[in-house]
Amino acid sequence: MSNFALEVENLVKVYERRGRKARAAQAGVRAGVRAVDGISFSVPRGEIFGLLGPNGAGKTTLLKVLTTLLRPTSGAARIEGFDVVAKPLEIRRRISMVLQETAAELLLNVRDNLLTFARFHGLDSREARRRASIVMDKFQIHKHAEQKVQDLSGGSRRRVQVAKVFMVDTPVIFLDEFSTGMDPILKRAAMGYLREEAAKGRTIVLTTQILSEAEELCDDILIMNRGKQVARGDLNALKLLSAGVYEISLTFAELPPTISQDIAELEPLRWRVDGNTIEVSLKVEEARVLDIVHELSKKGHVLRVEVSGASLEDIFVELTKEPDGQNIAKEA
Amino acid sequence: MSSLAAIFYRESKIRATNTTFLFFDLFYPLLYLLVFGIGVNAALGVRALSPGMDYNSFFLAGVLGMASLGIATTSSWSFFLDRDNGIFFEMLTYPMRRSEYLLGKVLFNICIGIVQAVITVAAGCLLLKIHLHWSALPVLAAGVIGGTAGWFFFYATFALKIRRNDLFNSVVNVSYFVLLFASSMFYPLAPLPKWFRAAALVNPITWQVDVLRYGSIGLGAPRVLVLEGIAFVLFALASFAWAVRSLREQG
Numbered sequence: 430m431s432n433f434a435l436e437v438e439n440l441v442k443v444y445e446r447r448g449r450k451a452r453a454a455q456a457g458v459r460a461g462v463r464a465v466d467g468i469s470f471s472v473p474r475g476e477i478f479g480l481l482g483p484n485g486a487g488k489t490t491l492l493k494v495l496t497t498l499l500r501p502t503s504g505a506a507r508i509e510g511f512d513v514v515a516k517p518l519e520i521r522r523r524i525s526m527v528l529q530e531t532a533a534e535l536l537l538n539v540r541d542n543l544l545t546f547a548r549f550h551g552l553d554s555r556e557a558r559r560r561a562s563i564v565m566d567k568f569q570i571h572k573h574a575e576q577k578v579q580d581l582s583g584g585s586r587r588r589v590q591v592a593k594v595f596m597v598d599t600p601v602i603f604l605d606e607f608s609t610g611m612d613p614i615l616k617r618a619a620m621g622y623l624r625e626e627a628a629k630g631r632t633i634v635l636t637t638q639i640l641s642e643a644e645e646l647c648d649d650i651l652i653m654n655r656g657k658q659v660a661r662g663d664l665n666a667l668k669l670l671s672a673g674v675y676e677i678s679l680t681f682a683e684l685p686p687t688i689s690q691d692i693a694e695l696e697p698l699r700w701r702v703d704g705n706t707i708e709v710s711l712k713v714e715e716a717r718v719l720d721i722v723h724e725l726s727k728k729g730h731v732l733r734v735e736v737s738g739a740s741l742e743d744i745f746v747e748l749t750k751e752p753d754g755q756n757i758a759k760e761a
Numbered sequence: 005m006s007s008l009a010a011i012f013y014r015e016s017k018i019r020a021t022n023t024t025f026l027f028f029d030l031f032y033p034l035l036y037l038l039v040f041g042i043g044v045n046a047a048l049g050v051r052a053l054s055p056g057m058d059y060n061s062f063f064l065a066g067v068l069g070m071a072s073l074g075i076a077t078t079s080s081w082s083f084f085l086d087r088d089n090g091i092f093f094e095m096l097t098y099p100m101r102r103s104e105y106l107l108g109k110v111l112f113n114i115c116i117g118i119v120q121a122v123i124t125v126a127a128g129c130l131l132l133k134i135h136l137h138w139s140a141l142p143v144l145a146a147g148v149i150g151g152t153a154g155w156f157f158f159y160a161t162f163a164l165k166i167r168r169n170d171l172f173n174s175v176v177n178v179s180y181f182v183l184l185f186a187s188s189m190f191y192p193l194a195p196l197p198k199w200f201r202a203a204a205l206v207n208p209i210t211w212q213v214d215v216l217r218y219g220s221i222g223l224g225a226p227r228v229l230v231l232e233g234i235a236f237v238l239f240a241l242a243s244f245a246w247a248v249r250s251l252r253e254q255g
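In order, the protein sequence lines correspond to chains B and E. Quick note on numbering: the first sequence equals residues 430 to 761 in my numbering. Quick note on numbering: the second sequence equals residues 5 to 255 in my numbering.
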């Protein structure tokens with residue numbers, strides 16, 4: 430048996446156009462949309478794997494193929510050794526998924542949502558009730574146990590949705606932007622639970638646009654853009670791709686009036702002002718960094734200076750920016 | 005089998021959240037029979053169709069056929085509710101075949117259909133003095149079960165293909181008009197104009213209602229009914245295949 434929970438080989442998903450648009454495409458006017466374009470990767474068991482990319486990168490489509498919601502146009506994908514096209518039922522027996530949009534049985538109460546989900550995954554009534562009680566405690570939804578989900582806030586509905594995957598022991602969990610709508614405390618707790626599940630040997634595949642989440646959680650990251658792989662590796666490997674990117678943070682006693690112009694002249698990757706603090710990401714030679722800090726500090730009275738290497742956000746911006754409309758795939 | 009039970013469990017849990025819903029599920033055909041049947045019988049003075057057979061007896065099968073359509077459209081409409089709740093796509097990742105998803109729903113619908121039929125037939129016998137053709141009850145049961153399944157698969161396909169709730173409602177309204185009135189549901193076909201009768205004869209609701217009529221009051225020629233029964237089974241199987249295919253195309 431393979432050591433990998435997931436194996437994806439040159440996967441392509443093209444959304445074909447229908448009707449008049451399809452006829453136009455056949456006439457060579459415009460082909461279908463290549464939402465996933467030749468993606469290959471594998472994920473060992475027990476790993477937390479992050480799929481990152483801007484809106485429309487193809488993350489959700491890739492997840493839909495892996496969870497048997499969509500058939501790939503070409504290529505292959507196996508989960509726990511089973512092919513997504515040939516053995517979809519075997520795959521569904523081994524996965525649980527949190528969709529991007531909130532998905533819950535709105536007419537049922539919280540407890541019945543959990544019990545119904547458990548029943549689909551073959552748990553007997555007694556075991557399902559025992560687990561529901563534990564999961565409701567974990568996600569702080571016990572007090573809503575008998576309330577219909579339609580009467581809960583958006584955040585609580587999300588809790589119910591995420592809580593469901595902890596009801597079962599499927600070896601692979603897919604999470605599509607799981608933390609949307611969660612408050613920071615619960616999000617932190619949920620991330621802790623996910624780490625615990627991974628430590629038990631469950632493989633977790635998540636998509637996110639919250640890069641700090643991926644930075645904190647993922648053992649391995651794949652960055653996608655326009656359906657293609659842009660970069661792949663663990664955080665350190667990805668940071669190497671962005672060698673020479675530095676983050677400078679300066680807090681002034683009073684923000685200098687010309688600071689925007691001064692920063693623009695440095696041609697930063699990105700920058701922002703938060704109160705009297707400016708944060709700038711620059712791609713420069715190491716020797717220039719201190720010079721730049723020195724130049725900027727002459728503009729006003731500086732209270733705090735911080736210089737650090739690139740964050741995942743810097744890498745993400747660097748790798749997915751499209752100055753000439755093209756992206757160059759990089760291997761970490 | 006466990007996935008069918010899980011779907012059944014889910015459907016029953018949802019249905020149990022609203023007792024009004026449950027009441028109309030079970031008593032709607034009976035109310036139709038009592039209000040419409042008695043009204044036509046009394047107000048329009050419909051003469052006896054054959055010795056010992058009044059309009060209520062004739063209309064009993066029509067009401068049961070109409071109930072199959074009602075369950076089918078309500079259950080198909082729930083796909084829209086599931087889509088709006090986001091649960092529809094999540095359910096498609098649950099460990100079950102697409103066909104099991106549909107069969108689980110049908111199993112629940114059939115149970116509702118059988119209870120509905122028992123209530124309606126019992127009340128028809130007790131209150132309206134309808135004389136049942138007892139030896140043909142298995143045919144009646146087959147008509148209820150097959151009809152409930154066939155019409156659900158038929159409407160489920162539209163619900164899955166059409167992404168717009170309002171468009172689905174229009175399809176249901178138009179199809180109801182055609183299926184109900186161009187059929188033997190409300191009136192015998194013999195006195196109708198030739199073109200009308202021809203349209204009714206190719207209407208699957210006529211096939212189902214004729215089987216139900218034989219199963220309830222023993223009216224109809226067995227040889228024709230066998231053909232109609234086979235035609236309806238083929239219609240149901242084709243609808244099932246189409247519905248499974250439509251479900252596979254979701255995502």
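Each residue gets a CB set at the ideal place from its N, CA and C atoms; glycine is no exception. The model shown is predicted, which means the values in this text are computed figures rather than measured ones.
Quick one: is residue 138/E buried, meaning 16 or more other Cβ sit within 10 Å of its Cβ, or exposed?
-> Numbered from 1 along the second sequence, position 134 holds the residue referred to as residue 138/E. Residue 138/E is exposed by the Cβ-count criterion.
Excluding the five sequence neighbours on either side, which residues of its own chain have a C-beta within less than 8 Å of the C-beta of residue 581/B, listed in chain order?
-> Within the first sequence, residue 581/B is the residue found at index 152, counting from 1. Excluding positions up to five away in sequence, the list reads 539, 573 and 589.
Look at the alpha carbon of residue 152/E and the alpha carbon of residue 72/E, and state the distance between them as a whole number of angstroms.
-> As a working note, residue 152/E is residue 148 in the second sequence. As a working note, residue 72/E is residue 68 in the second sequence. In a straight line, the C-alpha of residue 152/E is about 5 Å away from that of residue 72/E.
Counted within 10 angstroms of its Cβ, other Cβ atoms place residue 444/B as buried (16 or more) or exposed | Counting from 1 along the first sequence, the entry for residue 444/B is found at position 15. By the neighbour-count rule (16 or more Cβ atoms within 10 Å), residue 444/B is not buried but exposed.
Complete runs of the alpha helix (DSSP H) confined to the region 617-688 of chain B [at least 4 residues] | 640-646 and 664-670
Inter-stretch contact at 8 Å, needing at least 3 Cβ pairs: the region 240-252 of chain E / the region 151-167 of chain E | yes
For the region 522-550 of chain B, which residues have a CB atom closer than 7 Å to at least one CB atom of chain E, in sequence order?
-> 522, 524, 526, 528, 530, 531, 532, 533, 534, 535, 536, 537, 541, 545, 548, 549 and 550
With 16 as the cutoff for other CB atoms within 10 Å, does residue 155/E come out buried or exposed?
-> As a working mapping, residue 155/E is identified with position 151 in the second sequence. Its Cβ being crowded by 16 or more others within 10 Å, residue 155/E is buried.
Smallest Cα separation from residue 141/E: which of 225/E, 219/E and 60/E?
-> As a position in the second sequence, residue 141/E is number 137, starting the count at 1. Among 225/E, 219/E and 60/E, the Cα nearest to that of residue 141/E is on 219/E.
Would you say residue 458/B reaches chain E, if we count a Cβ-Cβ gap shorter than 9 Å as a contact?
-> One-based indexing of the first sequence puts residue 458/B at position 29. Any answer about residue 458/B is weak, because its pLDDT of 45 lies below 50 and its placement is not dependable; what the coordinates show is given next. No - not a single Cβ of chain E is within 9 Å of the one on residue 458/B.
If we cut at 9 Å on Cβ distances, does residue 164/E have a partner in chain B?
-> Counting from one through the second sequence, the residue named residue 164/E turns up at place 160. Not one chain B Cβ lies under 9 Å of residue 164/E.
Just to confirm, are residue 533/B and residue 43/E a CB contact at a threshold of 9 Å?
-> By 1-based counting over the first sequence, the position of residue 533/B is 104. By 1-based counting over the second sequence, the position of residue 43/E is 39. Against a cut-off of 9 Å, the Cβ pair of residue 43/E and residue 533/B comes out as no contact.
is_contact[residue 113/E, chain D] using C-beta, thresh 9 Å = Of the protein chains in the structure, B and E, none is chain D.
Can the beta-carbon of residue 125/E be found closer than 9 Å to that of residue 134/E?
-> One-based indexing of the second sequence puts residue 125/E at position 121. One-based indexing of the second sequence puts residue 134/E at position 130. Yes, the pair counts as a contact, with Cβ atoms nearer than the cut-off.
Could you check if residue 440/B is buried or exposed, using at least 16 other CB atoms within 10 Å of its CB as the buried criterion?
-> One-based indexing of the first sequence puts residue 440/B at position 11. Classification for residue 440/B: buried.
List, in order along the chain, the chain E residues whose C-beta lies closer than 8 Å to that of residue 488/B?
-> In the first sequence, residue 488/B corresponds to position 59, counting from 1. Correct list: empty, because the minimum Cβ distance to chain E is about 15 Å.
When you check each C-beta in the region 486-510 of chain B against every C-beta of chain E, which residues fall closer than 7 Å?
-> 493, 496, 497, 498 and 499
Cutoff 6 Å; reference residue 754/B; Cβ partners in own chain excluding five residues on either side = If you number the first sequence from 1, residue 754/B lands on position 325. Here the model assigns residue 754/B a pLDDT of 41, short of 50, so the residue's position is not dependable, and the following value carries that caveat. There are no such residues.
Per-residue contacts from residue 172/E into chain B (C-beta, under 7 Å) = Against the second sequence, residue 172/E aligns to sequence position 168. What residue 172/E touches in chain B: nothing, since even the nearest Cβ is about 19 Å away.
Please check if any C-beta of chain B sits within less than 9 Å of the C-beta of residue 109/E.
-> On the second sequence, position 105 is the one that residue 109/E refers to. No, its Cβ sits nowhere closer than 9 Å to a Cβ of chain B.
What residues from chain E crowd round residue 518/B, counting only those whose CB sits closer than 7 Å?
-> Here residue 518/B corresponds to residue number 89 of the first sequence, with the count starting at 1. Correct list: 99 and 101.
Within-9 Å CB hit, residue 603/B to chain E | Taking the first sequence and counting its residues from 1, one reaches residue 603/B at position 174. Yes, residue 603/B counts as interfacial toward chain E.
Residue burial classification, residue 720/B (beta-carbon count within 10 angstroms, cutoff 16) = For this step, residue 720/B is matched to residue 291 along the first sequence. That one is exposed.
Exposed unless 16 or more other CB atoms sit within 10 angstroms - verdict on residue 181/E | Position 177 of the second sequence holds residue 181/E. It is exposed - the Cβ of residue 181/E has fewer than 16 other Cβ atoms within 10 Å.
Counting contacts by CB-CB distance shorter than 9 Å, is residue 75/E in contact with chain B?
-> Your numbering for residue 75/E matches position 71 in the second sequence. Taking Cβ atoms only, chain B never reaches closer than 9 Å to residue 75/E, which makes this a no.
Taking only the alpha-carbon atoms, compute the straight-line gap between residue 457/B and residue 103/E and give it to the nearest angstrom.
-> Numbered from 1 along the first sequence, position 28 holds the residue referred to as residue 457/B. Numbered from 1 along the second sequence, position 99 holds the residue referred to as residue 103/E. Interpretation of residue 457/B is limited by its pLDDT of 49, a score under 50 that renders its predicted location unreliable; the figure taken from the coordinates is listed afterwards. Looking at the two C-alpha atoms, the distance is approximately 37 Å.
DSSP three-state call for residue 127/E: helix, strand or coil?
-> For the purposes of this step, residue 127/E is taken as the residue at position 123 of the second sequence. Here residue 127/E sits in helix by DSSP.
Enclosing beta strand (DSSP E) for residue 442/B [first to last residue] = Translated into positions along the first sequence, residue 442/B becomes position 13. Residues 433-444.
Residues of the region 80-92 of chain E whose Cβ lies closer than 9 Å to any Cβ of chain B, in chain order | 85, 86, 88, 89, 90, 91 and 92
Do you know how far the Cα of residue 698/B is from the Cα of residue 630/B?
-> For the purposes of this step, residue 630/B is taken as the residue at position 201 of the first sequence. For the purposes of this step, residue 698/B is taken as the residue at position 269 of the first sequence. Distance between the alpha carbons of residue 630/B and residue 698/B: 39 Å.
Buried or exposed: where does residue 442/B fall if 16 or more other Cβ atoms within 10 Å of its Cβ makes it buried?
-> Along the first sequence, one-based indexing puts residue 442/B at 13. Residue 442/B should be labelled buried.
Opposing strand residues paired with residue 610/B [DSSP bridges] = As a position in the first sequence, residue 610/B is number 181, starting the count at 1. Paired residue(s): none; residue 610/B is not in a bridge.
So which of 434/B, 536/B, 601/B and 579/B has the shortest CA-CA distance to residue 25/E?
-> In the second sequence, residue 25/E corresponds to position 21, counting from 1. Considering only alpha carbons, the answer is 536/B.
Count the other C-beta atoms from every protein chain shown that fall within 10 angstroms of the C-beta of residue 27/E, then say buried if there are 16 or more, exposed otherwise.
-> Position 23 of the second sequence, counted from the start, is the residue given in the question as residue 27/E. Residue 27/E comes out exposed.
Name the two residues that bound the continuous alpha helix (DSSP H) containing residue 198/E.
-> The count along the second sequence starts at 1 and reaches residue 198/E at position 194. Note, residue 198/E: alpha helix (DSSP H), 198-205.
Is residue 632/B near residue 606/B, with beta carbons less than 9 Å apart?
-> Against the first sequence, residue 632/B aligns to sequence position 203. Against the first sequence, residue 606/B aligns to sequence position 177. Taking 9 Å as the Cβ cut-off, residue 632/B and residue 606/B do not qualify as a contacting pair.
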